[in-house]
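Enquirer:
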Amino acid sequence: MSVDSYKWLPYSLASWMQKAWHGAGEPATTPFTPLAKPLGQTRFALLTTGGLYLRDQQQPFDVLREAREPDWGDPSYRVIPRETSLGEISVAHTHFNPADAEEDFNILLPIHRFLDLEAKNEIGSLAPSAYSVMGFQGHPIPDYVPWRERYGPEILERMKSEGVEAVLLTPA
Numbered sequence: 001m002s003v004d005s006y007k008w009l010p011y012s013l014a015s016w017m018q019k020a021w022h023g024a025g026e027p028a029t030t031p032f033t034p035l036a037k038p039l040g041q042t043r044f045a046l047l048t049t050g051g052l053y054l055r056d057q058q059q060p061f062d063v064l065r066e067a068r069e070p071d072w073g074d075p076s077y078r079v080i081p082r083e084t085s086l087g088e089i090s091v092a093h094t095h096f097n098p099a100d101a102e103e104d105f106n107i108l109l110p111i112h113r114f115l116d117l118e119a120k121n122e123i124g125s126l127a128p129s130a131y132s133v134m135g136f137q138g139h140p141i142p143d144y145v146p147w148r149e150r151y152g153p154e155i156l157e158r159m160k161s162e163g164v165e166a167v168l169l170t171p172a
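Note that full-length UniProt numbering has the sequence shown beginning at 1, numbered continuously upward.
(1) So does the segment 143 to 151 actually touch the segment 47 to 63, counting three or more Cβ pairs closer than 8 Å?
(2) Quick check on G152: does DSSP put it in helix, strand or coil?
(3) To the nearest angstrom, report how far apart I119 and E83 are at their CA atoms.
(4) So what does R78 bridge to, in DSSP terms?
(5) Buried or exposed: which applies to P31, given that a residue is buried once 16 or more other Cβ atoms fall within 10 Å of its Cβ?
(6) Sort H95, H112, E69, E102 by Cα distance to P81 and report the nearest one.
(7) At what residues does the alpha helix (DSSP H) containing I111 begin and finish?
(8) Answer yes or no: do T48 and L108 have a C-beta to C-beta separation smaller than 8 Å?
(9) With a threshold of 7 Å (Cβ to nearest heavy atom), would T48 be considered close to the ligand FMN?
In structure tokens, the structure reads:
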């Protein structure tokens, strides 16, 4: 069974995305992967494409370079600890208004909602680390090489080391 990643998009947009984003040798569909165990026993990690970072501890995503080079997007990532409080997060992303996310980052990275679910035993646990990337990676054809060769494998290894079994992706 496969997942239709374009099912809810308008036909013209889905058609364009399929042509522009699928390179040679890449799968055309996403395989469906069921959870191996019940939610109440599963460790989750969170990943957002919202460009969130820890205001006083991390460098923001490079929106200045993106302004100079509109076809480029910062491919790096930031680790956000599960103990992060409101007010510690800023947003560096030029493709949406960040005001609401800066007021309550749970809109894009629902750490506190997942801690509530953990406390109620509705999920097994929330991993110690959540992750933020800047989703825009160029137009019309994104450059996925840095993600595929460096940042994706780094995030995957971190998640594995924290025992992550499922990931919630929240796109911006």
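Ideal Cβ positions, reconstructed from N, Cα and C, are used throughout, including at glycine.
Expert: So, to answer that:
(1) no
(2) helix
(3) The sequence shown places Ala at residue 119, not Ile. About 14 Å.
(4) S132
(5) exposed
(6) H112
(7) 111 to 119
(8) yes
(9) The ligand FMN is not part of this structure, which contains no ligands at all.
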